[in-house]
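Worksheet: one structure, shown below.
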Amino acid sequence: MVPVRAAVAAALLLVAAASVAAGFRPGPPVSEDTLEKVAASLEMYVDVLPQMPKVLGYSLKYGRPAPAHLAIGMYQKKWKFHRDLPATTVFAFGTSAESTTFPGPTVEALQGVPLWVTWDNHLPDRHILPWDPTVPTAIPRAGGVPTARGPTWTTPTYAYPNAQSPGVLWYHDHALGLTRANLLAGLLGAYVIRNPAVEAPLGLPCGDAFDRVLVLADRSFYADGSIYMNCAGVNPRIHPQWQPEYFGEAVTVYGKAWPFLPVARRRYRFRIINASNARFFNLSLTNGLPFHVVGSDTSYLPRPAAVTHLLVAVAEAFDVVVDFSESPTPEAELVNTAPYPYPDGDAPNHLSGKVMKFVVAPEKVWDDHYTVPARLLEYVKIAEEEARLEDPATETPRAGTTEVWEVINLTQDNHPLHLHLATFQAVRARGLVGLEEFKRCMERLNDATRCDVGRHAVGEEAAVPEHERTWKNVVKIAPGFMTTVVVKFLMVETGRTYPFDATAEPGYVYHCHILDHEDNAMIRPMKLIK
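Just so we're aligned: the sequence shown equals residues -22 to -1, 1 to 508 in mature numbering (1 follows the signal peptide of the UniProt record, and there is no 0).
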């Protein structure tokens, strides 16, 4: 999530959507076949990929970068997801009602230059999507729009130090129990941190034309253009409305369903963000061109990694370069082969298996001076031995330290683990043998030590892909495995502690970033201590 301070990442607690107290009026029942027919009626590749408005998270004073203050509001607005679909009512961010977009404006900040943002809530009294009253939910005592989840988050203005490494992040609402509905409604946007002195020598593609953010998000629509979200749960006696995962029939990229982008025969940089509620994307190009991965989340890789398939978990981001000068075809589709739920669900169909299309110009560009360097940026080493391995597992880490976490997944889903504030990196995943026996013991005792996890975590070791070996905000936790992650509660560029008091209230959280899981309490507090 956005900046290092996770009370801020919960900044985006700041925005709970509309008055849950007022409730939601559900539309008529609709079948999956009907939703699929609506999506299938939309011709692919007729809308050009838009450029979202950009707001600078810094000012210039005497020609030098200086701190800035932005005001960003949340508004209800009509948005055209497709040429042939009626305008859709969304909740979205913008610097004014007129400039509001889905996704919201891209915030461009500079590393080390603080930014203050005042978040103004102009949403109506009633939510545009259903919500589940049986899960813990931020409901304001006096009605209206919930904008905080506790007494500490009462100010509308939040400070973003922008102290972490240059890279791509995203900002979004984080209201308790309403995150999935609010993000589905549109409360999200990209946040890019730059450091020209460090990045310019790398020679990567830059500028608005050649450095593009691609925000992927699946949605289902009614025929009238409104966003579909289920009103009935899989187990209505327990959860009247909740379902394990939301999967949309249409794939949108930067607010357009299956757009196209004309490209020259040269290198382009794409910062890919998966802002879906639950869908993973396994991306590839139909012309066979590789992705040269240069970074993930807010960190560069030490060296580029070329892959033809790129698995992007929910909330995960990858920074890639594609060289269209090598394209053997005049067009290339960006396609998706990730099962849903991932990894053992249904294969994507003719709709969810397509993402967007690139239309490649016939003439080669000879003045493309951009490149993919052999080496990128280095950070502090993983240094697993620095962690306090002899200490018991804890959710109260000390600021400035390193910890090793063993994360066990006994479900069938791959869970994208997200830690606020900290950066972390998977170093190995070990298969669990005797899985059913171990699961039964855990259901009874809920204690991995007493259930003798060491006897079970002896299966095949799965290697961490090269393009994920950097300091990340999201790590995939595979089903049936114990994944070892090294967590740094410090600045990974310098090895120094945070430039603010990370122990201050209200603390931080960690959670699964499948939003339907998170809202159903797959989230825990984390309190740093001195």
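Heads up, the beta-carbon is just placed ideally off N, CA and C, and yes, glycines get one too.
Own chain residues within Cβ distance below 8 angstroms of residue i, not counting five before or after
| i | result |
| --- | --- |
| residue 543 | This structure gives no information on residue 543, because the portion of the chain shown stretches from -22 to 508. |
| residue 503 | 373, 485, 486, 487 |
| residue 326 | 314, 315, 316, 317, 318 |
| residue 306 | 265, 266 |
| residue 194 | 229, 230, 231, 250, 251, 252, 253, 254, 259, 290, 333 |
| residue 303 | 243, 244, 245, 342, 343, 346 |
Close-in-space but distant-in-sequence residues of the same chain around residue i (CB under 7 angstroms, 5 per side omitted)
| i | result |
| --- | --- |
| residue 383 | 463, 465 |
| residue 38 | 44 |
| residue 18 | 329 |
| residue 77 | 31 |
| residue 499 | 113, 114 |
| residue 217 | 110, 112, 211 |
Residue range of the beta strand (DSSP E) that includes residue i
| i | result |
| --- | --- |
| residue 460 | 459 to 466 |
| residue 238 | 238 to 243 |
| residue 504 | 501 to 504 |
| residue 48 | 46 to 57 |
| residue 227 | Segment: none, residue 227 is in no beta strand (DSSP E) and carries neither H nor E. |
| residue 403 | 401 to 409 |
| residue 380 | 380 to 386 |
| residue 83 | 82 to 88 |
| residue 452 | 452 to 455 |
| residue 32 | 32 to 34 |
| residue 396 | 393 to 397 |
| residue 72 | 66 to 72 |
| residue 135 | 135 to 138 |
Three-state secondary structure (DSSP) of residue i
| i | result |
| --- | --- |
| residue 434 | helix |
| residue 488 | strand |
| residue 447 | coil |
| residue 422 | helix |
| residue 180 | helix |
| residue 303 | helix |
| residue -2 | A caution first: residue -2 carries a pLDDT of 34, below 50, which makes its placement in the model unreliable, though a value can still be read off. Of the three classes helix, strand and coil, the one that applies to residue -2 here is helix, per DSSP. |
| residue 188 | coil |
| residue 415 | helix |
| residue 98 | strand |
| residue 146 | strand |
| residue 26 | strand |
| residue 273 | strand |
| residue 93 | strand |
| residue 470 | coil |
| residue 260 | strand |
| residue 43 | strand |
| residue 234 | strand |
| residue 104 | coil |
| residue 206 | coil |
| residue 63 | coil |
| residue 76 | coil |
| residue 166 | strand |
| residue 21 | coil |
| residue 250 | strand |
| residue 110 | coil |
| residue 280 | strand |
| residue 360 | coil |
Same chain only: Cβ atoms within 6 angstroms of residue i, ignoring 5 sequence neighbours per side
| i | result |
| --- | --- |
| residue 501 | 487, 489 |
| residue 249 | 146, 191, 297 |
| residue 242 | 339, 343 |
| residue 456 | 392, 407 |
| residue 196 | 226, 229, 254, 257 |
| residue 143 | 276, 277, 471 |
| residue 321 | 392 |
Segment limits, alpha helix (DSSP H) that includes residue i
| i | result |
| --- | --- |
| residue 13 | 10 to 18 |
| residue 157 | 157 to 163 |
| residue 174 | 174 to 177 |
| residue 494 | 493 to 497 |
Residue i beta carbon near the ligand MG (any heavy atom closer than 7 angstroms)
| i | result |
| --- | --- |
| residue 359 | Inclusion of the ligand MG in the displayed structure is not the case, the ligand content being empty and no account of it being possible. |
**Q.** contact_flag[the segment 326 to 343, the segment 225 to 237] where n(CB pairs < 8 angstroms) is 3 or more
**A.** A contact between stretches requires three or more CB pairs, one per stretch, nearer than 8 angstroms, and the segment 326 to 343 meets this requirement with the segment 225 to 237.
Q. Using 8 angstroms as the Cβ pair cut-off and three pairs as the minimum, do the segment 408 to 420 and the segment 300 to 317 touch?
A. Output reads no: the segment 300 to 317 does not touch the segment 408 to 420.
Q.
Between the segment 152 to 166 and the segment 61 to 73, can you find at least three pairs of beta-carbon atoms closer than 8 angstroms?
A. Verdict: yes, contact present.
Q) Should the segment 197 to 206 be called in touch with the segment 89 to 103, which here means at least 3 C-beta pairs below 8 angstroms? A) Below 8 angstroms, too few C-beta pairs join the segment 197 to 206 and the segment 89 to 103 to call them touching: fewer than three.
(Q) With three or more C-beta pairs closer than 8 angstroms as the rule, is the segment 18 to 31 touching the segment 57 to 66? (A) Taking a contact to require three or more Cβ pairs closer than 8 angstroms, the segment 57 to 66 and the segment 18 to 31 qualify as touching.
Q: Inspect the CB distances between the segment 254 to 272 and the segment 416 to 436 and report whether three or more fall short of 8 angstroms.
A: Taking 8 angstroms as the limit for Cβ pairs, the verdict is that the segment 416 to 436 does not touch the segment 254 to 272.
(Q) Quick check for students: name the residue ranges of the beta strand (DSSP E) that lie wholly in the segment 285 to 357, counting only runs of 3 or more. (A) Scanning the segment 285 to 357 for uninterrupted beta strand (DSSP E) segments of 3 residues or longer gives 288 to 290, 295 to 301, 309 to 314, 332 to 342, listed from N- to C-terminal end.
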